[in-house]
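Worksheet: the structure to be examined is printed underneath.
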Amino acid sequence: MLKSPAKKLPTFRLILAAAAVCWLAWMMFVVHLDRRSMWIDESYSWRISRLGPVALIQDTAGDVHPPLYYLTLWGWMTWTGSEDLFMMRLTAAIPALLAVAIVIRLGRKWFNNSYWAGAAAGVFLATSGIFINYARELRMYALIVLLICVSWWMLDRLLHEKRRAVLLYGLSLALMAYTFYYAGFVVLIQFIFVAIFHRNRLKPTLLAGGLALLLFLPWIPVFIGQLGTAKAQSGEVANAPIIGKFLGTRPTSFDAINNFVDMYTAGQPSLIIAMVSLALTLTFGANPRFRRWLIAIALWFFLVVVLFFAINMVIPIYGLRYVLIVIPALALLVGVGVYRMPTPAARWGLVAIVGVTGILTHPHSFQIDRPPQREILRTISARYLPGDRVWYLPPLGARGSYIETDLKYHMIFDAPNMSTDWFVWEAPREFTDLATTPRVWDARAYWVPILADTKAALETGRTISEEYQYEGYTVHLYEAPPANGTTETFGDLFQLLPGPLDMTQYHAGDTVVGKAWWKALKAANQDYSYSLVLRRDDGTVIAQEDHSLQVGGMPSPSGLDIALGGQILSTSAWQPDAPYQLATPQFTLPADLPPGEYELWMGVYFYQDPQRLAVTSADTGLVDATNQLGKIAAFTVE
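The opening residue of the sequence shown carries number 337 in our numbering; numbering runs sequentially from there.
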């Protein structure tokens, strides 16, 4: 038999528990909120929210979603005066936080004033990976979760004949309709709940629904037009159903259901199913109010999910994110399961398990592999040299770069010096000529191969000199020797063609990376070494390092790294008829190096006879005949 309702705890303890859960939620929602780059759906929200309310509504009419979230984002951007990604994403994080707070309130109010039910539900929602994902995204999903929670709160007030409850409940339904159409499933559940348990309040409930319909009436013609837009997106206009959401949906299947369960339970379906089952055992024997609200949230979760998968077998409507409207119901069921535990120790243990499980597994609930636009663009723009071409994230089989609104956002705010004129649009024609295009940046996902003819063009005369890894994306710099560079000759053995630096400004403690293209004039038969000498621009020697003279290595962010392996050739293996081959000498600047102008010089010697080889060049400014050194870099230390 169910215990009698627990006494209401002192207010300060309730506030403390709710504050702790909300603080946890806020940390999960906003820490590194702008770390992930904007993706294409978010970029649509950003683009149209810049248009202003009238143009925004007109643009939304040609889409498949209603306009309220975009209007909210426009208002926020106008008020804050910021288009910073962190600031804009607060339009999802703040509603998500408020949704957690309302779920805590509903759990406590509906279930015997139990702070356990509310707090546990809040912890589940705050650490739910699927919810965190959309609490950090420029889309309407966190807002609709908040409005659904508000609608249940207002319905509770209506059922208890609170003043203005009909107006507030009707307004909440209208706001839901203008935010996300699938919220209609929850409205259906609410009306069913009232019809079963509160028939005496059915009339004011229907009155509130009528008010919502009246407020939504101006948008109905647009909604009908959007159905046609969605159908056109299917690409099968003649054979597609009259209504449906054709992009972002997935057919009903065992794999889809299994994926839904896995994502919405943070990969712990056994634990969550056990807790939900435990909650449902309270249905019989509980007091009437407790029982009614437990049935309400069970309908909210299970019936909505069943409707999604069932209707989806005929009309495409199911997408993992579209079902987010049930996540508060699942949280409340988990909260009641925790409340069902017989002792505080058991409840604390379950809450801890729920929270820790969510925190540890929530990164795996992110739905989409998003291109790390910010990191890629910053890398290329910081090292770009005039004449470079950029083949940027080409889609499978494409000969041109990718450029959509999300890329434009990051070009404006993260790489403002970049231009679309740099981008490759017709590969390989645009980079076949080494004289005009010695360097090509290739940025692509690991699953997108380079077309055979373009791969041949990229690799003819070029070496991959740098490589950067960002999640599943790789940036390669294909580099050829400078076509118009001035050579330096060391003795009668080696010719050096200094390449451009990837940076011209450094800080003390940084590693200077040079590009040195080497060619054997005749067989050396011995393995030579080199000295790197750091000097002020007035010739004062600051430091010196000595290494074996080798070309090759594996590409890395700091050039070719010999320590990583690859094809490495010492001077005894250099062939006189071979083309220029790349080495990337590196020099770590002293940590206490004062600001100023500095130069890096190189001398070559054989270790058994440390006398440096004589250096000559057509440009006398590149050689120091007294010390037999050739200049390979000049830079500023800030």
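Glycine included, C-beta positions come from ideal geometry on N, C-alpha and C.
### Query
Helix, strand or coil: which one does DSSP assign to R780?
strand
### Message
What residue range does the alpha helix (DSSP H) around G561 cover?
### Response
556 to 569
### Message
Comparing C-alpha positions only, which one of L479, Y941, F971, P577 sits nearest to N963?
### Response
Y941
### Identity of the residues DSSP links to I904 by a beta bridge
G888
### Message
Distance check for I786 and A793, CA to CA, integer angstroms please.
### Response
11 Å
#### Entry: DSSP-derived helix/strand/coil call for T962
coil
### Task
Could you work out which residue in A457, T876, D846 is closest to S894 when comparing CA atoms only?
D846
### Query
Looking at D742 and I438, is the spacing between their C-beta atoms short of 8 Å?
no
### Task
Closer than 6 Å by C-beta to A353: which residues in its own chain qualify, once you throw out the five before and the five after it? Chain order, please.
Y451, A455
### Query
Which word fits F529, buried or exposed, when buried means at least 16 other C-beta atoms lie within 10 angstroms of its C-beta?
buried
### Query
For E473, which beta-bridge partners are listed by DSSP?
DSSP output for E473 lists no bridge partner at all.
### Task
Give the DSSP-derived three-state secondary structure of E766 in the structure shown.
helix
### Task
Please report how far the alpha carbon of P431 lies from the alpha carbon of Q805, in whole angstroms.
34 Å
### Query
DSSP puts K967 in a beta bridge; with which residues?
W937
### Query
Between the beta-carbon of F365 and the beta-carbon of A429, is there less than 8 Å?
yes
### Identity of the residues DSSP links to D420 by a beta bridge
Its beta-bridge partners do not exist; DSSP assigns none.
### G957 - DSSP class collapsed to helix/strand/coil
helix
### 8 Å Cβ cutoff met for T756 and R780
no
### Query
Which runs of the alpha helix (DSSP H) fall wholly inside the stretch 486 to 550 and span at least 4 residues, in chain order?
501 to 513, 520 to 533
### Query
Distance, Cα to Cα, P346 vs H534?
Unreliable positioning characterises P346 in this predicted model, as indicated by a pLDDT of 47, which lies under 50. The coordinate reading is nonetheless provided below. If you take the alpha carbons of P346 and H534, they lie about 31 Å apart.
### Message
Quick check: is any heavy atom of the ligand GDP less than 7 Å from the C-beta of I376?
### Response
Of the ligands one can find in the structure shown there are none, so the ligand GDP has no counterpart to examine.
### Task
Report the rounded CA-to-CA distance for P540 versus V486, giving the unit in angstroms.
17 Å
### Query
Going by the CB atoms, is the gap between V650 and F521 shorter than 8 Å?
no
### Inter-residue Cα distance where the pair is D750 and M423
15 Å
### Task
Could you work out which residue in V784, N753, A879, Q886 is closest to Y738 when comparing CA atoms only?
V784
#### Entry: CA-to-CA distance, P402 to L635, given in whole angstroms
26 Å
### Query
Of the choices Q709, Y782, P764, W446, whose alpha-carbon is the least far from that of R625?
W446
### Task
Give the straight-line distance between the Cα atoms of A899 and A681, rounded to the nearest whole angstrom.
54 Å
### Query
If P915 and V973 are in contact, beta carbons under 8 Å, what's the gap, nearest whole angstrom?
P915 to V973, Cβ: 34 Å. No contact.
### Message
So L936 and A961 are supposed to be a Cβ contact under 8 Å. How far apart are they, rounded?
### Response
Not a contact, Cβ separation roughly 18 Å.
#### Entry: Limits of the beta strand (DSSP E) - the one that E803 falls within
799 to 806
#### Entry: 7 Å CB neighbourhood of R706 in its chain, flanking five on each side removed
R372, S373, W375
### Task
Just tell me which of L905, P926, Q886, K858 has its CA closest to the CA of R880.
The amino acid occupying residue 880 in the given sequence is Gln; Arg does not appear at that position. The option with the nearest alpha carbon to Q880 is P926.
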